[in-house]
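Here's the structure, in structure tokens; my notes come after.
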Amino acid sequence: MPIFFSCDISHMFRQIEIHPPQRHFQKILWKKGLNEPVQIFKLKTVTYGTTPACYLSTRVLKKLSFDERENFPKAADIVLHDVYLDDILSGCSSLNELESLKTELTQRFKSAGMSLHKWCFSHSTNDFPDLHFDQSSEESITKTLGVLWNSSSDTFCFKVSPSTNHIFTKKDVLSQIAHIFDPLGLLGPVISKAKFFMKQLWLLKLEWHEKLPFPVAAEWASFVHSLPVLEKLKIPRFILSENLESIILYGFSDASEKGFGAVTYVSVIRNNGDRHSQLLCSKSRVAPLKTLTNPRLELSACLLLSKLARKVINALKTNLSQLILFSDSTIALSWIKTAPHLLKTFVANRVAKIQELTANFFHGIIFLLKITQQTSCPEV
Numbered sequence: 240m241p242i243f244f245s246c247d248i249s250h251m252f253r254q255i256e257i258h259p260p261q262r263h264f265q266k267i268l269w270k271k272g273l274n275e276p277v278q279i280f281k282l283k284t285v286t287y288g289t290t291p292a293c294y295l296s297t298r299v300l301k302k303l304s305f306d307e308r309e310n311f312p313k314a315a316d317i318v319l320h321d322v323y324l325d326d327i328l329s330g331c332s333s334l335n336e337l338e339s340l341k342t343e344l345t346q347r348f349k350s351a352g353m354s355l356h357k358w359c360f361s362h363s364t365n366d367f368p369d370l371h372f373d374q375s376s377e378e379s380i381t382k383t384l385g386v387l388w389n390s391s392s393d394t395f396c397f398k399v400s401p402s403t404n405h406i407f408t409k410k411d412v413l414s415q416i417a418h419i420f421d422p423l424g425l426l427g428p429v430i431s432k433a434k435f436f437m438k439q440l441w442l443l444k445l446e447w448h449e450k451l452p453f454p455v456a457a458e459w460a461s462f463v464h465s466l467p468v469l470e471k472l473k474i475p476r477f478i479l480s481e482n483l484e485s486i487i488l489y490g491f492s493d494a495s496e497k498g499f500g501a502v503t504y505v506s507v508i509r510n511n512g513d514r515h516s517q518l519l520c521s522k523s524r525v526a527p528l529k530t531l532t533n534p535r536l537e538l539s540a541c542l543l544l545s546k547l548a549r550k551v552i553n554a555l556k557t558n559l560s561q562l563i564l565f566s567d568s569t570i571a572l573s574w575i576k577t578a579p580h581l582l583k584t585f586v587a588n589r590v591a592k593i594q595e596l597t598a599n600f601f602h603g604i605i606f607l608l609k610i611t612q613q614t615s616c617p618e619v
């Protein structure tokens, strides 16, 4: 949607009561002093840290969406499809629709005894002062499900915190990799380089707190010091546009002895003939320590691409004109076109899954992906 908005359900767990006969499963033992008797309390609401907490809260929201669908149809659809735990992430095509949705959602949750806060949307608040949202012009960068989003420019951005250590261990390397949060795979080549480096440490059989050998440590230090360059990246959130004639989803898979990966691009063609293509998302995997033949790695890459393409199709919620997936492995493509029962177990299992998800694979020379073969430092 051209306009994206997000908000948060305030203290959601505390607004959902547990059925009285079930409250004895949430007992707390409390002692005010050393000589005081132990008191037993029962928690009346959904509680953080318990196994069913997320399910119960999600189930309640789903029930709310069905109960009030007639009175709040648009809000019901958003609650049903665009909520992750207590975060609402949705969009609309106009500011009038945005204000209408905000009112409808607020009223819907108010009728259930809940309130919404932390509202923000993908425009500068100075441009639309009549819309009462919680964001300010100075607070344009917010974290949405762990991803940094600049609401003023409507772009994704990145914040990295390079390690200041001068001596690295395997534990430090893993910690630094975990700090680079990139669920969409927009930093695929950079993340892959870090993953391959971690595999190298496993092959060296180093202990977690053991210092890295000098050549290896120098290589990692160079990589870490280049990470701040990632903060210059600005990735547009909105990938489609109005007056579209067709939408084509392209996917590419590739593999090497180090690992394999998949990437998707969306290409939109407007009514006036203009075409615009953009990176959508990617996934990469490190090759297992047990050596696999290159065709099997290529097939694994095709399976990864099939899964990624299916997720993208479900997330886009729009009709695609075409889905075209490419691999440069003639052997893997031959397997994909073969009945699974004619193949060996490893190949058959993956081919069956690919055929179930999508069979739109074609042969092509891969020059766009190279995630697994041409990893790079951030500045590249």
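For the sequence shown, my numbering assigns the number 240 to the initial residue and increments by one for each residue that follows. Don't be surprised by glycine CBs; every beta carbon is placed ideally from N, CA and C.
For S354 and T345, what's the separation of their Cα atoms in angstroms?
The count along the sequence shown starts at 1 and reaches residue 354 at position 115. The count along the sequence shown starts at 1 and reaches residue 345 at position 106. Spanning the two alpha carbons is a distance of roughly 7 Å.
Applying the criterion that 16 or more other CB atoms from any shown protein chain within 10 Å of the CB defines a buried residue, is T503 buried or exposed?
On the sequence shown, position 264 is the one that residue 503 refers to. With 16 or more Cβ atoms within 10 Å of its Cβ, T503 is classed as buried.
Below 8 Å on the Cβ atoms is my guess for F311 versus R347; work out the distance and round it to an integer in Å.
Translated into the one-based positions of the sequence shown, residue 311 becomes position 72. Translated into the one-based positions of the sequence shown, residue 347 becomes position 108. Contact holds; Cβ gap of about 4 Å.
Can you find the residues in the same chain that come closer than 7 Å, C-beta to C-beta, to S400, ignoring five residues on each side of it along the sequence?
The residue you call residue 400 lines up with position 161 of the sequence shown. Cβ within range, chain order: H418.
Got a sec? Which residues, its chain only, sit under 7 Å from F252 by beta carbon, not counting five neighbours each side?
Working through the sequence shown from its first residue, we reach residue 252 at position 13. Closer than 7 Å at the Cβ level, and outside the excluded window around F252, lie T284, V285, T286, Y287, A292, S296.
Would L572 pass as a contact of H602 if the rule is Cβ separation under 8 Å?
Counted from its first residue, the sequence shown places residue 572 at position 333. Counted from its first residue, the sequence shown places residue 602 at position 363. It is a contact, given that the beta carbons lie within the stated cut-off.
By alpha-carbon positions, which one of N588, L519, L582, V586 ends up nearest to A554?
Here the question's residue 554 lines up with position 315 in the sequence shown. Of the listed residues, the one whose Cα sits closest to A554 is L519.
Counting Cβ pairs closer than 8 Å, one from the region 532-544 and one from the region 492-506, do we hit at least three?
The region 532-544 is in contact with the region 492-506.
Leaving out the 5 sequence neighbours to the left and right, which residues in its chain are closer than 6 Å to I416 when beta-carbon positions are compared?
Residue numbering aside, residue 416 sits at position 177 when the sequence shown is read from its first letter. Result list for I416: A433, in chain order.
Excluding the 5 residues preceding and the 5 following I474 in the sequence, name in chain order all residues of the same chain whose CB lies nearer than 7 Å to its CB.
Counting from one through the sequence shown, the residue named residue 474 turns up at place 235. For I474, the CB contacts under 7 Å within the same chain, skipping 5 residues up- and downstream, are T394, F395, L425 in chain order.
Using the three-state DSSP reduction, which class does Y294 fall into: helix, strand or coil?
As a working mapping, residue 294 is identified with position 55 in the sequence shown. Y294 falls in the helix class under three-state DSSP.
Just verifying my parser: in three-state terms, what is the DSSP assignment at P454?
Start at 1 with the first residue of the sequence shown, and residue 454 comes out as number 215. DSSP places P454 in helix when its eight states are reduced to three.
Where does Q265 fall in DSSP's three states?
In the sequence shown, counting from the first residue as 1, residue 265 sits at position 26. Three-state DSSP puts Q265 in coil, outside helix and strand.
Going by C-alpha distance, which of T530, L488, K302 is nearest T557?
Position 318 of the sequence shown holds residue 557. For T557, the nearest C-alpha among the options comes from L488.
Thinking C-beta only, is S523 closer than 8 Å to G427?
Numbered from 1 along the sequence shown, position 188 holds the residue referred to as residue 427. Numbered from 1 along the sequence shown, position 284 holds the residue referred to as residue 523. Yes; because the gap between Cβ atoms is below 8 Å, this pair is in contact.
How is T286 classed by DSSP in three states: helix, strand or coil?
Here residue 286 refers to the residue found at position 47 when the sequence shown is read from its first residue. Three-state result, T286: coil.
Give the DSSP-derived three-state secondary structure of A494 in the structure shown.
Sequence index remark: in the sequence shown, residue 494 carries index 255 (1-based). The answer is strand: DSSP assigns A494 an E or B state.
Determine, using beta carbons only, whether V507 and L479 come nearer to each other than 8 Å.
On the sequence shown, residue 507 is found 268 positions in, with the first residue counted as 1. On the sequence shown, residue 479 is found 240 positions in, with the first residue counted as 1. It is a contact, given that the beta carbons lie within the stated cut-off.
Would F244 and W358 qualify as a contact pair, given that the criterion is a beta-carbon distance under 8 Å?
As a first step, residue 244 must be located in the sequence shown, where it is residue number 5. As a first step, residue 358 must be located in the sequence shown, where it is residue number 119. Yes. Within cutoff.
Pairs of beta-carbons, one from the region 405-416 and one from the region 448-458, closer than 8 Å: are there three or more?
yes
S492 to S339, Cα distance in whole Å?
What you label residue 492 is simply residue 253 of the sequence shown in a count that begins at 1. What you label residue 339 is simply residue 100 of the sequence shown in a count that begins at 1. Straight-line Cα distance between these residues: approximately 43 Å.
Which residue from N389, K550, R535 puts its Cα closest to that of L582?
Position 343 of the sequence shown, counted from the start, is the residue given in the question as residue 582. Checked all of N389, K550, R535; the closest Cα to L582 is R535.
Can you look up V277 in the DSSP assignment and give me helix, strand or coil?
The residue labelled residue 277 in the question sits at position 38 within the sequence shown. Here V277 sits in coil by DSSP.
Using CA coordinates, which residue listed in H464, A578, L469 is at the minimum distance from Q594?
Taking the first residue of the sequence shown as 1, we reach residue 594 at position 355. Per the Cα distances, A578.
Figure out for me which residue from W388, V586, I279, N389 has the closest Cα to the Cα of K266.
Indexing the sequence shown from 1 puts residue 266 at position 27. Among W388, V586, I279, N389, the Cα nearest to that of K266 is on I279.
For P300, which residues from the same chain have a beta carbon less than 7 Å from its beta carbon, with the 5 sequence-adjacent residues on both sides left out?
Along the sequence shown, read from residue 1 onward, the residue named residue 300 stands at position 61. Before going further, note that residue 300 is Leu rather than Pro in the sequence given. Contacts found: V318, V322.
Can you tell me where the alpha helix (DSSP H) with R621 in it begins and where it stops?
Beyond the ends of the chain as shown, which are 240 and 619, falls residue 621; an answer cannot be given.
If we count the other Cβ atoms within 10 Å of its Cβ and call it buried at 16 or more, is W388 buried or exposed?
For the purposes of this step, residue 388 is taken as the residue at position 149 of the sequence shown. W388 is buried by the Cβ-count criterion.
Mind reading off the beta-carbon distance from S379 to R476? Whole number of angstroms is fine, and I expect it under 8 Å.
Taking the sequence shown and counting its residues from 1, one reaches residue 379 at position 140. Taking the sequence shown and counting its residues from 1, one reaches residue 476 at position 237. With a Cβ gap of about 13 Å, S379 and R476 do not count as contacting.
Could you tell me the boundaries of the alpha helix (DSSP H) in which V399 lies?
Position 160 of the sequence shown holds residue 399. Segment: none, V399 is in no alpha helix (DSSP H) and carries neither H nor E.
Could you say which of E343, T532, L443 lies nearest to A456 if we only look at CA atoms?
Residue numbering aside, residue 456 sits at position 217 when the sequence shown is read from its first letter. Closest by alpha carbon: L443.
Determine the DSSP secondary structure at T577, reduced to helix, strand or coil.
Counting from one through the sequence shown, the residue named residue 577 turns up at place 338. DSSP places T577 in coil when its eight states are reduced to three.
May I have the straight-line CA-CA distance separating K576 from I486, to the nearest angstrom?
Against the sequence shown, residue 576 aligns to sequence position 337. Against the sequence shown, residue 486 aligns to sequence position 247. Linking K576 to I486 through their CA atoms gives a straight-line distance of about 26 Å.
Could you name the residues that DSSP lists as bridge partners for I474?
Walking along the sequence shown from the start, residue 474 turns up at place 235. Answer is F395.
With a threshold of 7 Å on Cβ separation, who are the neighbours of P241 within its own chain once the five nearest residues in sequence on each side are excluded?
Here the question's residue 241 lines up with position 2 in the sequence shown. These residues qualify, in order along the chain: S332, F477.
Could you spell out the range, first to last residue, of the beta strand (DSSP E) harbouring K522?
Counting from one through the sequence shown, the residue named residue 522 turns up at place 283. Its beta strand (DSSP E) spans residues 514-525.
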